[in-house]
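First up is the structure itself, then whatever we jot down about it.
Number of protein chains: 2
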Amino acid sequence: MEHQPKKKATIYDLSVLSGSSPSTVSAVLNGTWRKRRIKESTANLIRNLAEQHQYTANLQARGLRSSRSGLVGLLLPVHDNRYFSSMAQTFEAHVRSRGQCPIVVSACRDPEEERQTVETLISYSVDELIVAGATDPDGVHALCVASGLKHVNIDLPGALAPSVISDNYRGARMLTEAVIRHFSSDLPLQADELYLFGGRDDHASRERIRGFRAVKRELMDGDSDKCIEPTGYSPNMAQIAFEQFYQREGKLPRGLFINSSINFEGLLRFMAQHPNEAFLDIVVGCYDYDPFGSFLPFPVIMIRQDVDGMITKAFEIMSESRPVVQTYLIQPQLVPPRTALKGPLDAIKDIE
Amino acid sequence: MEHQPKKKATIYDLSVLSGSSPSTVSAVLNGTWRKRRIKESTANLIRNLAEQHQYTANLQARGLRSSRSGLVGLLLPVHDNRYFSSMAQTFEAHVRSRGQCPIVVSACRDPEEERQTVETLISYSVDELIVAGATDPDGVHALCVASGLKHVNIDLPGALAPSVISDNYRGARMLTEAVIRHFSSDLPLQADELYLFGGRDDHASRERIRGFRAVKRELMDGDSDKCIEPTGYSPNMAQIAFEQFYQREGKLPRGLFINSSINFEGLLRFMAQHPNEAFLDIVVGCYDYDPFGSFLPFPVIMIRQDVDGMITKAFEIMSESRPVVQTYLIQPQLVPPRTALKGPLDAIKDIE
DNA sequence: TATAATTGCACAATCGATGGTGCAATGAAT
DNA sequence: ATTCATTGCACCATCGATTGTGCAATTATA
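Protein sequences, first through last, are from chains A and B. The first sequence begins at 1 in our numbering and counts up one residue at a time. The second sequence begins at 1001 in our numbering and counts up one residue at a time.
Here it is in structure tokens:
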């Protein structure tokens, strides 16, 4: 922390050293020098000097001039669960492979925070933005449009920008059906034993609830409103819902559809308060995949959303010149109990 | 995507509209106007115009001029596990509470990627940087020093910058002891039944191994080299190690010390290949906390590193004018099986 | 009323890179 | 030996904000 923070070299320094003009230096170092008919030898000279002096471009200056930044943003609701963290991981790999710099920011599901964060990103001339699970995607959209920023919604759709989301209806159908079928035929699951917990009034939750109810109607006879308990996306509220149910009924439902791994953590909290015996005959379906969750002491069937597919599609859309405002559905995957899937980390080389 | 991406308002636009000079507008909007003795009425006029025209400062321009950006960086090895994702979550909250903009980037444990990423951050005049779990912290340090960027290592220490890390030795001691004591006294764990898997040749792994061996020596009589299997930080290598052990010995060790939740995922993959019976008499200690991991069908004792404590300390250090280059140890916490701790997400308001 | 002090603001340089334009030097064509 | 085309590069305005400095107008003091 004590050496001379000697100023970074600029094109002007190199210009003096090389005897060329700053614009020549600039052209050489940003690759446009052929277009500007700079001699190869001049280019080499400058490149050597740049290397010697450890030149790196000031990206703020470049960004100011060209009103682009080389940054690509991912706006998340939260970091701390496997769905969104694997999204961040996948996103980074994509962006890096395109030679740009990924930056990931979360906005805590707070519409105001979302807008402020996007404003900030815009002020840095972020080139593209993926808006994941936004509470107010259309508010974000307005800001992006005003500054001409390419963006795509992911996970939760908006009405005004292209959106790439999981096929929540089909995923929920698969999951519900798998839960029902997981029970043996000598003691099959009854309609009033299958509950859905978690989620709130967003598109994903609505679609999942729709799928859940449809399958219940088709495979069982009942489909009562009381089997749906939206608790928001918080472990705490979910826990309370489980506790209340347990107080009321003396047990948990035998079949549980849990709307996200975040809500699933509410069940963990409940579990911590009760002996394992309370979970002997239970089957859980969770709309989200968490490798550890898959190995709990009762059958846990999970849905893995195709994060890579969604991110890929999102970039595809943003690369179009006039993206169509529509919602693309990406098929998720049903994951049977005790399954350890590979994830984005497996793409990372680990020496040793 | 089609409306007029009408250019964002600048201080020059407001200058024309208000009849004041750009410098006056600038001063008003960045809060230095009192110092510049601008009339209150002028300030109000300009502020109103700014609001009407939705002025937001171009942060690249500001950053270029002032060579500061308002950005604070967190460099992670990876996103996709609960330890680092909770670190990101906690970091964001801290940075936001200081009115700055958090940006989180991962570098995949690749020294070259680490340096490149930091170079990029420096080119954006990031104000401060937390370097988490870097493979080559001192390489990163060199870059930071060269440009006068305040930075602190976290999770893994460097020799050249202040570092804040978990007390790995003590944590490993606690964990090892807890695993041993978890066995009943009628069939106590023997020295050759307690193995350590995972980690590589970094400071954290070394300290954990040291703690592990010390406790083995103290509580059991043996402490053989063959009970240590560093596998790197990858699920895959860990899985292979478990499989090999299993092929060789016909079972897993009864006591397992797993060096990180990433390696624990290797055990999950192993589990997927084998029936639950193979895990009846097993006790796992994992140096990392994952809420789902805590509820697996065998006892899992975990260490939760005090991420909040580490981040807090890191910012404290960076706020000092001449930080001492030393390593600060933060005490981790022993988490008994079947425990659902609150995390950073609980700090987030969830409406409904 | 003349002078000094204060108020309120405008001017202009600057941060580092980009890209349009212009022009001298060289080589080719007539 | 002119004229024309090409090569190779320098010049300069520009992106949007910050900040040191200077100066007129106003108010206070003598």
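From the three backbone atoms N, C-alpha and C, an ideal C-beta is built for every residue, glycine too. Every value quoted in this text rests on a predicted model; they were computed, and no experiment measured them.
- Non-local C-beta neighbours of B/Lys1251 in its own chain, meaning closer than 8 angstroms and more than five positions away in sequence, comprise Ala1278, ordered along the chain.
- Residues of the segment 119 to 131 of chain A with a Cβ closer than 8 angstroms to any Cβ of chain B, in chain order: Glu119, Thr120, Ile122, Ser123, Tyr124, Ser125.
- The alpha-carbon of A/Val105 is positioned some 19 angstroms away from that of B/Thr1056.
- Taking 8 angstroms as the CB threshold, B/His1053 stays off the interface with chain A.
- Using a Cβ-Cβ cut-off of 8 angstroms, A/Thr339 counts as an interface residue toward chain B, since at least one Cβ of chain B sits closer than that to its own.
- Residue burial annotation: A/Lys35 is exposed, with fewer than 16 other C-beta atoms found within 10 angstroms of its C-beta.
- Taking C-beta atoms under 8 angstroms as the contact rule, B/Ile1317 and B/Pro1162 qualify, at a distance of about 5 angstroms.
- Contact between the segment 200 to 211 of chain A and the segment 171 to 178 of chain A is present: 3 or more CB-CB pairs across the two stretches fall below 8 angstroms.
- In this structure, B/Ala1027 sits away from B/Val1152, with a CB-CB distance that is not shorter than 8 angstroms.
- DSSP places A/His94 in the uninterrupted alpha helix (DSSP H) bounded by 82 to 97.
- For A/Asn236, the neighbours in chain B by C-beta distance under 7 angstroms run, in chain order, Asp1346.
- Put simply, the segment 279 to 292 of chain A touches the segment 1288 to 1298 of chain B. At least three CB pairs are less than 8 angstroms apart.
- Residues of chain B whose Cβ lies closer than 8 angstroms to the Cβ of A/Gln89 are, in chain order, Val1078, His1079, Asp1080, Ser1106.
- DSSP, reduced to helix, strand and coil, places B/Gln1333 within a strand of the structure shown.
- Contact of B/Ser1319 with chain A is not assigned, every C-beta pair being separated by 8 angstroms or more.
- Classified as buried, B/Ala1132 has 16 or more neighbouring CB atoms from the shown chains inside 10 Å of its CB.
- Shown in chain order are the members of the segment 1266 to 1278 of chain B whose Cβ falls below 7 angstroms from a Cβ of chain A: Leu1268, Arg1269, Met1271, Ala1272.
- Think of a sphere of 8 angstroms around the beta carbon of A/Cys101: the chain B residues whose beta carbon falls inside it are Val1105, Thr1117, Thr1120, in chain order.
- Spatial neighbours of A/Asp201 in its own chain (CB-CB distance under 8 angstroms, excluding positions within 5 residues in sequence) are listed in chain order as Pro230.
- Segment contact: the segment 1071 to 1079 of chain B against the segment 1117 to 1126 of chain B, three or more CB-CB distances shorter than 8 angstroms; contact assigned.
- The residue from B/Pro1022, B/Gln1305, B/Glu1243 with its alpha-carbon nearest to that of B/Arg1170 is B/Gln1305.
- Chain order gives the chain A residues near B/Asp1290 as Phe292, where near means a beta carbon separation below 8 angstroms.
- When secondary structure is reduced to three states using DSSP, B/Thr1135 falls in the coil class, being assigned neither helix nor strand.
- Collapsing the DSSP output to three states places A/Gly266 in a helix.
- Sixteen is the threshold: when 16 or more other Cβ atoms of the shown chains lie within 10 Å of the Cβ of A/Pro253, as they do, the residue is buried.
- Listed along chain B, the residues sitting closer than 9 angstroms to A/Ser85 by beta-carbon distance are Val1078, His1079, Asp1080, Asn1081, Arg1082, Phe1084, Ser1085, Ala1088.
- Against chain B, a Cβ distance below 7 angstroms from A/Gly343 picks out Asp1080.
- For B/Gly1198, there are no C-beta contacts with chain A under 9 angstroms, since the nearest C-beta of that chain is about 11 angstroms from it.
- For B/Ala1088, same chain residues with a beta-carbon under 6 angstroms away, outside a window of 5 residues either side, are Val1104 in chain order.
- A/His182: not part of any beta strand (DSSP E); member of the alpha helix (DSSP H) spanning 168 to 182, first to last residue.
- A/Asn236 is bridged by DSSP to nothing; it lacks a bridge partner.
- If you draw a 10 Å sphere on the C-beta of A/Tyr12, you find fewer than 16 other C-beta atoms in it, and that means exposed.
- Listed in chain order, the positions of the segment 297 to 330 of chain A with a beta carbon within less than 8 angstroms of a beta carbon of chain B are Pro297, Arg322, Pro323, Val325.
- Residue burial is scored here from C-beta neighbours: A/Lys216 has at least 16 other C-beta atoms within 10 angstroms and is therefore classed as buried.
- When secondary structure is reduced to three states using DSSP, B/Asn1153 falls in the strand class.
- B/Glu1229 is outside the set of residues whose beta carbon lies under 8 angstroms from a beta carbon in chain A.
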